[in-house]
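Accompanying notes for the structure given below.
Residue numbers (my numbering): 13 to 445.
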């Protein structure tokens, strides 16, 4: 921990806003970037300054994860604010948006205040509360969006479930518009998805497992886009709709049409859906039982192309820790979810090495773009921006060892995988964490 000025020198500076990479350094003081570029050197740093020689490693803004489950309150056996923030810091994530599906859910001002106080006292990184869109996440009654936003909620979500009632969803969007709030919605028709445990198709049939059709996601997302047009349409000001996760070509077509119409929408996909497919489930690997399920390879490739082209705005970890008892059971009985805070960057770098996505575009989708959607000052490499920074070597190899992961749960889909991209330093508000 340090409060003195810090100079990161001899680095490759990656600006995610432009995608450009230049040699130089960053000077940090009072939690902010005060200078940047080739003139930041050891000779110019000053006697009081702590100098960190980056040895040619990349320095970029810290990652912003728009969807991570933190177990407090009610599920601290799966994850705590302390362990989640340690995992985030180890993986280069400097801001976490905490999902509202805790027990009890984050659906009142007191719950928002509790999470913020616990984060202030125990977290190494920034933890921002995403409040419940409906009371109790039941999808029946709208939460107090205005009061929750005033208490500090950064956005509003119904967690891992969709708001089924179109009338309730429309009213929630109207309130979001009036309070200029962000709605983050998981689009999935629960009736179509109810009996399935993986992607519907030939592979599911061979494994003898019930499938979830792509249409379960597309039907709900198409409804949401029509409600967005009805609520946030021409002449309306305020509010924004963000699709928590898109995983199919059907969904990409819907988002593309909505964006072309000028609607205030954005979307994310998870690092798992960009780098893994249904075949990776192999012989019933429960650590890869995810919701939405991993899709076919052609769907994964389409997601990567949409990311490279800018249609997909954000990459999330979809960090969802589960304990051993919830995963070491038959596939159909296992809980959904995988941890991802520590491996999100390394997994994403696989796409860079394969030539499918540029490094600038990858980091953009993990930094400046989520910051723009959430209205945060972080995620930028420029003077005056918060000094939330990471230093990483994109080429240094390592093997994922679950026993060394900082997360309380160890259900990583990349168990014993060979990865490249080691985070060597994580800084939040000018403090090395």
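Note that beta-carbon positions come from the ideal geometry of N, C-alpha and C, so glycine has one too.
Quantities reported herein were computed from a predicted structural model and do not represent experimental measurements.
With fewer than three CB-CB distances shorter than 8 Å, the stretch 341-360 does not count as touching the stretch 50-57.
If you ignore the 5 residues before and after residue 95, its C-beta comes within less than 7 Å of the C-beta of 418, 419 and 420, all in its own chain and listed in chain order. Bridge pairing for residue 384: absent [DSSP].
Short of 7 Å from the beta carbon of residue 407, and not among the five residues preceding or following it, lie these beta carbons of its own chain, in chain order: 432. Taken through DSSP and simplified to helix, strand or coil, residue 340 comes out as coil. In this model, residue 214 and residue 131 are separated by some 45 Å (Cα to Cα).
By the criterion of at least three beta-carbon pairs nearer than 8 Å, the stretch 37-47 is not in contact with the stretch 290-300. Closest option to residue 69, judged by alpha-carbon separation, among 383, 403 and 188: 403. Rounded to whole angstroms, the separation of the alpha carbons of residue 129 and residue 300 is 33 Å. In the structure shown, the three-state DSSP call for residue 40 is strand. The Cβ atoms of residue 325 and residue 79 lie no closer than 7 Å to each other.
Here residue 285 carries a helix assignment [DSSP, helix/strand/coil].
Residue 272 counts as exposed, since fewer than 16 other beta carbons sit within 10 angstroms of its beta carbon.
Following the DSSP letters along the chain, one finds residue 401 inside the beta strand (DSSP E) bounded by residues 401-411.
Per DSSP, reduced to three states, the secondary structure at residue 299 is helical.
At a cut-off of 4 residues, the continuous stretches assigned as alpha helix (DSSP H) that sit fully inside the stretch 124-186 are 157-163. Here residue 71 is near residue 23, since their CB atoms are less than 7 Å apart. Put simply, the backbone Cα of residue 119 is about 15 Å away from that of residue 83.
In the displayed model, residue 371 falls within a helix according to three-state DSSP. Approximately 6 Å separates the beta-carbon atoms of residue 440 and residue 138; this is inside 8 Å, confirming the contact. With respect to the 7 Å criterion, residue 226 and residue 281 are not classified as neighbours on the basis of their beta carbons.
Taking a 10 Å sphere around the C-beta of residue 382, we find 16 or more other C-beta atoms and assign the residue as buried.
In terms of Cα proximity to residue 359, the closest of 430, 169 and 340 is 430. For residue 117, there is no enclosing beta strand (DSSP E), as DSSP gives it neither H nor E.
By the neighbour-count definition (other C-beta atoms within 10 Å, threshold 16), residue 203 is an exposed residue. Considering only 105, 205, 21 and 98, the residue with the shortest C-alpha distance to residue 61 is 21. Distance from the Cα of residue 412 is smallest, within the candidate group 401, 423, 405 and 428, for 428. About 6 Å separates the beta carbons of residue 370 and residue 31, which is inside the 8 Å limit, making them a contact pair. Between the alpha carbons of residue 310 and residue 286 lies a gap of roughly 11 Å.
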